[in-house]
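Accompanying notes for the structure given below.
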């Protein structure tokens, strides 16, 4: 099955929808040229990756789409075709607005907007955090770009930067309200001002409102989004695991605490070495997925995030977090749990997120690779076939 330009696959879509996170860092930008090397993209780290232990699946090699450049429209078309024909409803683009009008990696979304192609649903996640060199495995903690929060006027500017996207027919909406995820809500010092500004302006511009989704703070798993003015929460269990050293995990019965103790005993001699993460943290995928979707029942819409694999050693080398032993069938169990988690939500709110479509530098790409081909996508299609009439 192939798509012609601007063609939508014709099948009866279910209320339940899969949204895959989408990283736009696959074309050169001046900032990356200056920080790292001319022509730097996400592929630079991917191609330099080396195995750190016996059986370590590095480097990863892309298949169908190759080492692409996202400035090429045909690449974006093929991505949408692959996703759509395997049961994925849309992409959630990471959006980088640093305040005072500074934004980077926005060319791809702008090209998609202006060209009206591919005809594939999308939304944004505001990835509101400062960029540091540590992301790429260097010891330098210096801030490369600082995330600024400059108050109401700057939030207005951000809203109007996003408005053309919100008005696009492809932009994902819930009950007519544009969907917007905020990655780190606890970083915004005047959160009430931000929320009030976006809600007021969305109504002013003709929408019934805006649907704001919060990433639950990693240090407060009991955080309730409704109490802070949000409509829903995105599962952030993966962030809690990824940034474990910042968490307060008390219960010995908690799986994460048990995994943490085992890692410490096996890989680190002293607590200070564990905190510095001088060696990669290695967790079996079958253990990780027991933690990655909450078993709690929430009194607000909770959108789980399914993670099919993770290994950011291409970026972070010895400071990395590595899942081992991921397979399509183990992922099927994880995805099934995610799908079941939202079945009782209001029909317009039945969303499950996939992490991610193309985060190759973190070995977190659903796009076909040399080892597994389309097997993870096949699992997605088979599970979604229980909800979709193809």
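Numbering (this note's numbering), first residue to last: 7 to 396. Glycine included, every Cβ here is placed at the ideal spot set by N, Cα and C. As the structure is a computational prediction, the values presented were derived from the model and not from experiment.
- The continuous alpha helix (DSSP H) containing residue 169 extends over residues 158 to 173.
- From the listed residues 340, 336, 318, the smallest Cα separation to residue 301 is found for 340.
- For the 7 Å CB-CB criterion, residue 190 and residue 95 do not form a contact.
- Within the same chain, and ignoring the five residues on either side of residue 35 in sequence, the residues whose Cβ sits closer than 7 Å to its Cβ are 110, 111.
- Exclusion of the five residues before and after residue 154 leaves 104, 105, 106 as the residues of its chain whose Cβ lies within less than 7 Å of its Cβ.
- Under the criterion of beta carbons closer than 8 Å, residue 299 and residue 367 do not qualify as touching, at roughly 24 Å.
- Look at the beta carbons and you see the segment 352 to 361 not touching the segment 72 to 82: under three pairs across the two are nearer than 8 Å.
- A direct Cα-to-Cα measurement between residue 217 and residue 194 gives close to 18 Å.
- Pairing residue 288 with residue 326, the inter-Cα distance amounts to about 8 Å.
- In the structure shown, residue 330 falls within a strand segment according to DSSP collapsed to helix, strand and coil.
- Apart from sequence neighbours up to five positions away, the residues of its chain that approach residue 31 with a beta-carbon distance below 7 Å are 47, 48, 111, ordered along the chain.
- Listed in chain order, the non-local C-beta contacts of residue 292 below 7 Å within the same chain comprise 331, 336, local neighbours out to five positions each way being set aside.
- Here residue 128 really is in contact with residue 177; their C-beta atoms are around 7 Å apart, less than 8 Å.
- Between residue 329 and residue 316, the C-beta spacing is below 7 Å.
- Looking only at 21, 102, 392, the smallest Cα-Cα distance to residue 186 is reached by 102.
- For residue 321, there is no enclosing beta strand (DSSP E); the residue is found in the alpha helix (DSSP H) stretching over 319 to 322.
- Of the residues 318, 319, 294, 323, the one whose Cα lies closest to the Cα of residue 311 is 294.
- Sequence-distant partners of residue 57 (beyond 5 residues in either direction) whose C-beta falls short of 6 Å from its own C-beta, in its chain, are 64.
- With respect to residue 67, residue 290 sits apart: the two C-beta atoms are not nearer than 7 Å.
- The continuous alpha helix (DSSP H) containing residue 54 extends over residues 48 to 54.
- In the three-state DSSP reduction, residue 308 falls in the strand class (E or B).
- Counting only runs of 4 or more residues that sit fully inside the segment 70 to 106, the alpha helix (DSSP H) segments are 79 to 90, in chain order.
- Here residue 126 is actually not in contact with residue 165; their C-beta atoms are around 24 Å apart, not less than 8 Å.
- The residue among 211, 342, 225, 198 with its C-alpha nearest the C-alpha of residue 236 is 198.
- Straight-line measurement puts the Cα of residue 60 at about 46 Å from the Cα of residue 168.
- Assignment of residue 179 by DSSP, reduced to helix, strand and coil, places it in the strand class.
- No residue range can be given for residue 133, since it is assigned to no alpha helix (DSSP H) and is classified by DSSP as neither H nor E.
- Taking the Cα positions, residue 207 is about 46 Å away from residue 378.
- Beta-bridge partners assigned by DSSP to residue 185: 217.
- Within its own chain, the residues whose Cβ lies closer than 8 Å to the Cβ of residue 149, once the five positions on either side in sequence are excluded, are 136, 137, 138, listed in chain order.
- For residue 192, the secondary structure class from DSSP, reduced to helix, strand or coil, is helix.
- A distance of 7 Å or more separates the beta carbons of residue 124 and residue 80.
- DSSP places residue 238 inside the beta strand (DSSP E), whose first and last residues are 238 to 240.
- Of 118, 389, 116, the smallest CA-CA separation from residue 338 is found for 389.
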